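In full-length UniProt numbering, the protein residues as written are 1 to 229.
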């Protein structure tokens, strides 16, 4: 094989390497980072970037892992009518926490660099995750209520209670600096305690009367269910 053919052969680069370079640049420069800066970091042309990712917004979404967020919603809704309702909710909560633990520190670092109205198309990729999280939980509760597996209640209020509590937990444990002397609360303990409070208002009355014993502790899936860096 000639030296010329080796020199002329196009370099190949994996999507993973492109995304790693994009992630580094977004974390350093925020949402104002340009595709030219990302291409330089990845040592490719902008044309190569746009062959893989049609827009900067699509590249941002992939680099930050937004397309992987909220799998727990789909998994929860797939459990309607199956298994134990409380356990389904607890597993969804643990998966939610694990996903957020992986994603939010990156997003926080990016937006700490500032943004302006010109970045709105990129920000729209974020949409309103809290609303969609609450909508998914509310839908699950409504469908389980229709099956008689959950006591009739205001599903929207219950869903906001669950999602709001999870949001506060994530903020306290994974976004705020650790305070000396403050005990950390692991995800399993938090989720068990949360549903110890909420489940009596959701459990069907007939089941509550027949089985007053507490359900077994939920397994902490924050590591085994979702890869956390």
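The beta-carbon is built from N, C-alpha and C at its ideal position, and this holds for glycine as well. Remember, predicted model here, so these are calculated numbers, not experimental data.
- Per DSSP, the continuous alpha helix (DSSP H) segment holding residue 140 begins and ends at 129–146.
- Per the C-alpha coordinates, the member of 139, 129, 113 and 180 positioned closest to residue 33 is 113.
- Around the beta carbon of residue 84, a 10 Å sphere encloses fewer than 16 other beta carbons of the protein chains shown; the residue is thus reported as exposed.
- Per DSSP, residue 152 lies in no alpha helix (DSSP H) and is assigned neither H nor E.
- Boundaries for residue 175: no alpha helix (DSSP H) harbours it, and the DSSP string shows neither H nor E there.
- The beta carbon of residue 35 is closer than 6 angstroms to those of 46, 49 and 56 in its chain, skipping five residues each way along the sequence.
- By the Cβ criterion, the stretch 97–106 is not in contact with the stretch 136–151, since fewer than three pairs of Cβ atoms, one from each stretch, lie closer than 8 angstroms.
- Look at residue 164 here: in three-state DSSP terms it is helix.
- Ranked by Cα distance from residue 202, the first of 154, 76, 22 and 94 is 154.
- A direct Cα-Cα distance of roughly 20 angstroms separates residue 74 from residue 157.
- By the Cβ neighbour-count rule, residue 17 is exposed, with fewer than 16 other Cβ atoms within 10 Å of its own.
- In this structure, the straight-line span from the alpha carbon of residue 194 to that of residue 44 is close to 49 angstroms.
- In terms of Cβ geometry, residue 21 and residue 42 form a close pair [threshold 8 angstroms].
- In the structure shown, the three-state DSSP call for residue 79 is coil.
- DSSP places residue 202 inside the alpha helix (DSSP H), whose first and last residues are 187–202.
- Here the alpha carbon of residue 88 sits roughly 13 angstroms from the alpha carbon of residue 143.
- Rounded to the nearest angstrom, the Cβ distance from residue 93 to residue 166 is 6 angstroms, consistent with a contact under 8 angstroms.
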